[in-house]
Structures are given as C-alpha cells and as structure tokens.
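2 protein chains.
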Amino acid sequence: MHPDVAWAVWSGERARRVESVVDGFLPPATEPPQRLHEAMRYAVLGGGKRVRALLAYAAGELTSADPAVVDRAAAAVELIHAYSLIHDDLPCMDDDVLRRGKPTCHIAFGEATALLAGDALQSCAFEALAAAPLRDRGQAVLLLAQAVGSRGMAGGQEIDLAAAGQSLDLAELEHMHALKTSALIRAAVRLGADCGRPMSADENDALHRYASAIGLAFQVVDDVLDVEGTAQSLGKTAGKDAVQRKSTYVTLMGLAAARERIETLHVAARTTLTGFGTGARRLLELADWIVARTH
Amino acid sequence: MHPDVAWAVWSGERARRVESVVDGFLPPATEPPQRLHEAMRYAVLGGGKRVRALLAYAAGELTSADPAVVDRAAAAVELIHAYSLIHDDLPCMDDDVLRRGKPTCHIAFGEATALLAGDALQSCAFEALAAAPLRDRGQAVLLLAQAVGSRGMAGGQEIDLAAAGQSLDLAELEHMHALKTSALIRAAVRLGADCGRPMSADENDALHRYASAIGLAFQVVDDVLDVEGTAQSLGKTAGKDAVQRKSTYVTLMGLAAARERIETLHVAARTTLTGFGTGARRLLELADWIVARTH
C-alpha cells in the first residue's frame with residue numbers, strides 16, 4: 064500500500080473508532096434531560112478532524128499500547144476539545160455562529176444549554192478517564208486536569224481574551240498558544256503513550272518536544288488557513304483574525320515566514336522521534352498530515 | 064462544652080481549614096493570567112457556608128478518616144460548588160448580580176473571564192482529587208464526575224432551565240433537586256467517608272439515605288428562606304423564585320407543609336444514622352444545623 068493510502072486508512076479507522084467510543088460513552092439523546100444530551104452529542108459527534116484522538120492513538124503505537132486501552136484517553140481529549148469549542152463560540156467569548164460547517168451549539172440549542180453542555184462534557188472527559196482500564200487512572204486525570212485548567216487551556220483562552228485589541232509580540236503569542244492549544248495536544252500524546260509500556264525519562268522528554276512542536280505547528284497552520292481559507296473549506300468563519308485585529312503568526316511574521324516556521328517545526332517534530340524506530344511511524348505521518356492540511 | 068458551642072467550634076475550624084486548603088491549592092492571584100486567577104479566588108475564597116466541605120469532614124469522622132486525607136475531597140466539592148455558582152449567575156442562566164453579599168463573578172470580572180474561571184475551577188476540582196492521598200483516586204474522580212455531569216448537577220440545572228415559566232409537580236421538582244443540589248451533597252458525603260476505613264454495603268446505603276434526605280432538606284430550607292429572608296440575611300437576591308414564577312416547595316405545598324417536610328427529612332436523616340454510634344456525631348449536628356439555618 065502507498066504510504067499516503069496506508070495513513071488515510073489508519074487515520075480514518077481511528078477517527079471512526081473514537082467517534083464510536085464517544086457515542087457509546089455519552090448518554091443517549093433520548094435520555095432526559097434530552098435537550099442537554101442532544102446538545103452534548105451535537106457538539107462532539109459527527110465532525111471534526113479528531114487530531115487529538117489520532118495523536119493519542121499514534122502515541123499509543125509508540126509504546127505498543129492496545130488501542131482498546133487508548134480508547135478512553137482518545138475520547139477524553141475529544142470531549143475536552145468539544146467542550147472548549149462550545150464555550151469559545153459563546154457570545155461573551157468569540158461570538159461565532161458557524162463551526163464544522165454547522166450552526167454553533169448555542170445557535171442550535173440556546174446559550175444556557177450550550178453552557179451546560181460544555182460543562183457536562185468536561186465532567187464527562189474526566190469520567191471517561193477515571194473509569195478507563197489504565198495503569199494509573201489518578202495520574203491520567205491529574206495530567207488532563209493540569210492541561211485544561213488555568214495553567215493550561217483555560218489560561219491560554221484568558222490570555223487570548225486579554226489580548227483582544229492589543230498586539231502581542233511573538234514570545235507572548237507563542238506562550239498563549241502553548242497554553243491554549245498545545246497543552247491539550249501534549250496531554251493527548253502523553254495520555255496515549257502512557258497506555259503502553261513505561262517510557263524512559265529520555266523517551267518522555269523526546270515525546271514532549273514532539274508534541275510541543277506539533278502543537279505550535281498546528282496553530283501556525285490555523286493562522287495561515289485563516290488568511291488563505293474560505294468558510295466553505297474551513298467549516299468555520301474565515302478571515303476572523305483580521306476582522307478582530309488579532310495578533311497571529313501571519314500578522315507578526317508575514318505569510319512567507321509563517322510558512323517557513325511551519326516547516327521548521329515540522330522538521331523539529333520529526334527529528335525528535337528518530338530514536339524511536341518504526342513505532343514512531345504514525346506520529347511521523349501525523350506530523351506530515353498536520354502541516355499539509357488545508358482545512 | 065455545650066453541644067452547640069462544640070459544634071460551632073468544630074464547624075468553624077473545619078470551614079477555616081478547607082478555606083486554607085483551597086487557598087493553598089489555587090494558583091496565587093499574582094500568577095499570570097492574573098485576572099483569571101483573581102476571578103477564581105474571588106469566587107471560591109472568603110465566603111460561603113462550606114456545607115459541602117463540612118459534610119465531607121463529618122462523613123470522614125464516621126469512618127475515622129484523618130482530616131488531612133479528607134482535605135482534598137472537601138476542597139474538591141467546594142471548588143465544584145463555586146464553579147456551578149459562577150455559571151448559574153451568568154446572564155444566560157439566572158442573571159444574578161449579588162452572591163454571598165458581593166457582586167457576582169461576571170459583574171466583578173466580566174462574562175468571559177467568569178465563564179473561564181468556572182471552567183478552570185471544575186478542572187481544579189478534579190486536579191485536587193487526582194493528586195490526593197486517597198486509597199483509590201480513580202474511583203473518587205469517577206464518583207465526583209458522575210455527580211456533577213449531565214446525570215447529576217448539570218442535568219439538574221438543565222431541567223431547572225427547561226422548567227422556567229412552567230409549573231413542575233412535586234415529583235418533578237424533587238427529581239430536579241435530586242440532581243441539581245443533592246448529587247453533589249451525596250458525593251461530598253461519600254468522598255469524605257471513603258477517606259477512612261472501608262464501609263460495609265449496609266453502611267454505605269445508610270449514608271446514601273442520610274445524604275439524600277439532607278440534600279433535599281437543604282433545598283426545602285432554601286425555598287422557605289427565599290420567601291422569608293431578606294437580601295441582607297441571605298447575601299443574595301431574595302424573593303427571586305416568586306419573581307421568576309419558579310415552582311418551589313413553598314409554591315407547591317405552602318409554607319406550613321414545606322416546614323413539615325423539612326422536619327420529616329430531618330428525622331429521616333437522623334434515624335438512618337442510628338447504627339453508627341458516636342462516629343455519627345458531626346453528621347447529626349450538621350443535619351440539625353442545616354434545618355435550623357436562617358441564612
């Protein structure tokens with residue numbers, strides 16, 4: 064099989080797999096309170112690139128983890144991601160109406176239900192991990208909680224908010240994204256890897272550097288796509304950064320330098336995995352895919 | 064020492080204790096992003112009855128738990144409670160401006176930061192439990208996550224929302240409160256008890272019935288106080304239920320029957336603990352205090 068085809072088959076299978084795990088874990092839409100359960104399912108199922116779940120599964124391959132053990136870790140990071148998108152899209156935050164080509168959760172279900180759906184998806188992520196067949200469930204929960212709290216994702220969102228209307232410098236922008244986007248990506252990689260054989264400190268460190276590079280590359284790609292993409296290809300409002308006068312890699316560095324930065328991060332991510340041998344295959348493919356994606 | 068004095072001393076000491084645990088666990092207000100950390104601390108420190116923390120410590124006494132082990136469980140339930148109040152008070156929910164005698168979090172810090180502070184406090188609660196010196200941290204996280212998700216607290220809030228402008232019958236009202244208020248109260252009791260010696264199934268069951276009765280009594284008292292109290296004594300807007308035409312125990316049963324219901328639940332809560340001996344002392348005192356409270 065051509066490598067690109069093999070990757071497409073593997074990633075497609077894993078994306079469907081996490082969809083099915085999340086589907087089975089969430090309460091059915093027929094269970095009261097129905098509207099809340101519908102909103103939760105609407106926000107998390109039937110769309111999205113599943114980058115975070117794929118990172119967990121790919122990192123699991125590195126440590127020979129059973130995908131059935133990785134399932135809950137992959138579901139947990141997707142549940143967290145979905146919760147963060149619901150709250151990000153609320154009128155008091157980014158006030159967005161379109162997400163993954165569909166009306167955002169609060170447009171479809173109203174603000175109050177959307178707020179609660181986000182809250183409940185966060186609880187659900189911790190529930191998924193806490194009931195998982197992991198070596199150390201407490202450690203997994205701790206890792207995820209630290210990645211999404213005020214020293215991680217939520218802190219990054221606050222910095223993003225505070226920066227509205229002001230310009231950040233590159234170091235500030237990078238710090239913001241290290242929390243807002245990369246913290247959860249690093250957690251996804253680590254949670255997935257922790258489902259397999261124990262890693263050495265050096266291996267852990269290399270994986271951390273891989274995840275940090277990929278997390279940042281992912282954000283620079285997002286910034287480039289916001290300039291180049293259309294609402295149709297993105298499934299969300301394009302050109303928002305310019306309208307909101309947000310500092311992005313493109314506004315701070317220009318388009319050409321942002322593209323170079325993506326390639327530098329891409330090479331760094333690949334290089335850090337050289338010691339891992341063939342087990343790193345999916346993580347390498349994922350790095351290629353993240354920097355090549357157009358939507 | 065007169066029993067009332069002994070209770071006042073014990074509960075005061077424990078309330079200060081959990082305050083100090085939460086204070087030490089939350090990032091300092093000087094740590095960036097400062098505004099988010101200030102909002103989190105504003106919402107959770109320096110006020111509140113600490114009923115849920117007291118329940119955890121009191122249940123810990125039942126199983127001879129070391130209070131130092133209960134600390135994190137007590138902190139976790141208070142962190143969850145604080146997060147739920149922030150989100151409850153938001154304009155898209157109850158739209159309240161006064162809480163514990165102070166401006167609500169979104170009035171003080173803006174809606175976006177308040178939303179994120181609630182989100183981060185939820186993560187923080189799971190972090191507190193996941194890093195606690197408990198026998199089974201995974202089980203503790205699972206218990207808390209189930210209590211606060213869509214089948215617990217968040218589900219109860221959705222039912223409450225859906226009921227706005229409609230009248231509930233008594234069974235529906237009780238179901239709503241069993242989720243919205245009692246689920247976290249039951250979790251507080253169970254988490255505290257689990258910090259000590261293992262309980263038998265019968266003991267577990269008795270404790271569950273105690274917590275359910277107390278959780279419900281707590282809510283009926285709230286409804287009575289909303290009619291009888293003033294904003295000054297409550298520290299929050301009084302008479303809101305009538306203005307919002309909400310179904311309450313008072314609107315459904317009348318004031319006298321609601322008072323009788325409190326006493327029935329009080330007796331039920333006390334009775335269920337008769338097999339526990341002197342270890343149940345603080346839980347009994349807590350039951351007395353909850354039904355006697357005027358603010």
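Residue numbers (our numbering), protein chains in the order written: chain A, 64 to 358; chain B, 64 to 358. From the three backbone atoms N, C-alpha and C, an ideal C-beta is built for every residue, glycine too. Quick caveat, the model's predicted, so the values are computed rather than measured.
| Query | Result |
| --- | --- |
| Residues that DSSP places opposite lysine 165 of chain A in a beta bridge | A/Arg162 |
| Chain A contacts from the stretch 99 to 114 of chain B (Cβ-Cβ distance under 8 Å) | Leu99, His100, Met103 |
| Enclosing alpha helix (DSSP H) for cysteine 187 of chain B [first to last residue] | 174 to 193 |
| Nearest neighbour of alanine 78 of chain A, chosen from A/Gly212, A/Tyr120, A/Phe339, A/Ala102 [CA to CA] | A/Tyr120 |
| Contacts that proline 96 of chain A makes with chain B (C-beta to C-beta distance below 8 Å) | Ser213, Gly218, Glu221, Ile222, Ala225 |
| Min CB distance alanine 208 of chain A to chain B below 8 Å | yes |
| Beta carbon of leucine 207 of chain B nearer than 8 Å to that of alanine 139 of chain B | yes |
| Short CB-CB distance (under 8 Å) between leucine 288 of chain A and chain B | no |
| Best match in A/Ala193, A/Phe189, A/Gln185, A/Asp151 for proximity to glutamate 174 of chain A [C-alpha to C-alpha] | A/Asp151 |
| Status (buried if at least 16 other CB within 10 Å, exposed otherwise) for glycine 340 of chain B | exposed |
| Interface residues of chain A facing proline 90 of chain B [CB-CB closer than 8 Å] | Ser213, Arg214 |
| Cutoff 8 Å: glutamate 235 of chain B Cβ touching any chain A Cβ | no |
| Continuous alpha helix (DSSP H) stretch holding glutamine 367 of chain B: start and end | As shown, chain B starts at 64 and ends at 358. That puts residue 367 of chain B outside it, with no answer to give. |
| Chain B within 8 Å of histidine 150 of chain A, Cβ atoms only | yes |
| Three-state class that DSSP yields for alanine 136 of chain A in the structure shown | helix |
| Per-residue contacts from leucine 231 of chain A into chain B (C-beta, under 8 Å) | Going along chain B, no residue has its Cβ under 8 Å from leucine 231 of chain A, so there is no contact; the nearest lies around 13 Å. |
| Member of B/Gly317, B/Glu348, B/Gly342, B/Leu315 whose CA lies at the smallest distance from the CA of valine 360 of chain B | Coverage of chain B is limited to positions 64 through 358, which leaves residue 360 of chain B absent and any answer about it impossible. |
| Buried or exposed (CB count within 10 angstroms, at least 16 for buried), glutamine 229 of chain A | exposed |
| Contact set for glycine 219 of chain B: own chain, Cβ-Cβ below 8 Å, skip 5 residues either direction | Met239, His240, Ala241, Leu242, Lys243, Thr244, Ala246 |
| Closer than 7 Å at the beta carbon, the chain A residues around glutamate 190 of chain B | Leu205, Ala208, Gln209, Gly212 |
| Selected residue, minimal CA-CA separation from tryptophan 73 of chain B, among B/Val85, B/Arg214, B/Arg113 | B/Arg113 |
| Buried versus exposed call for histidine 358 of chain B [16 or more other C-beta atoms within 10 Å across all chains shown] | Low confidence applies here, because histidine 358 of chain B scores a pLDDT of 45, under 50, leaving its location unreliable; read the following figure in that light. Per the 10 Å Cβ criterion, exposed. |
| Terminal residues of the alpha helix (DSSP H) in which histidine 271 of chain A lies | 264 to 291 |
| Contacts that arginine 200 of chain B makes with chain A (C-beta to C-beta distance below 9 Å) | Ala193, Asp199, Arg200, Gly201, Gln202, Val204, Leu205 |
| Near-chain A residues of the stretch 162 to 176 of chain B (beta-carbon distance less than 7 Å), N- to C-terminal order | Glu174, Ala175, Thr176 |
| Arginine 308 of chain A versus arginine 272 of chain A: straight-line alpha-carbon distance, rounded | 31 Å |
| Threonine 314 of chain B versus aspartate 285 of chain B: straight-line alpha-carbon distance, rounded | 13 Å |
| Contact belief for valine 107 of chain A with glutamate 141 of chain A at Cβ below 8 Å, rounded distance in angstroms | 6 Å |
| Span separating the alpha-carbon of arginine 200 of chain B from that of arginine 200 of chain A | 7 Å |
| Proximity test, Cβ basis, 8 Å: alanine 241 of chain A and chain B | no |
| Local conformation of methionine 216 of chain B per DSSP, three classes | helix |
| Integer-rounded CB distance, given that glycine 259 of chain A should sit under 8 Å from serine 127 of chain A | 5 Å |
| Nearest residue (CA-CA) to glycine 111 of chain A, options A/Asp86, A/Gly87, A/Met156, A/Ala145 | A/Ala145 |
| Status (buried if at least 16 other CB within 10 Å, exposed otherwise) for glycine 338 of chain A | exposed |
| Cβ of cysteine 258 of chain B within 8 Å of any chain A Cβ | no |
| Spatially closest choice to valine 84 of chain A from A/Arg135, A/Leu328, A/Pro95, A/Arg344, by CA coordinates | A/Arg135 |
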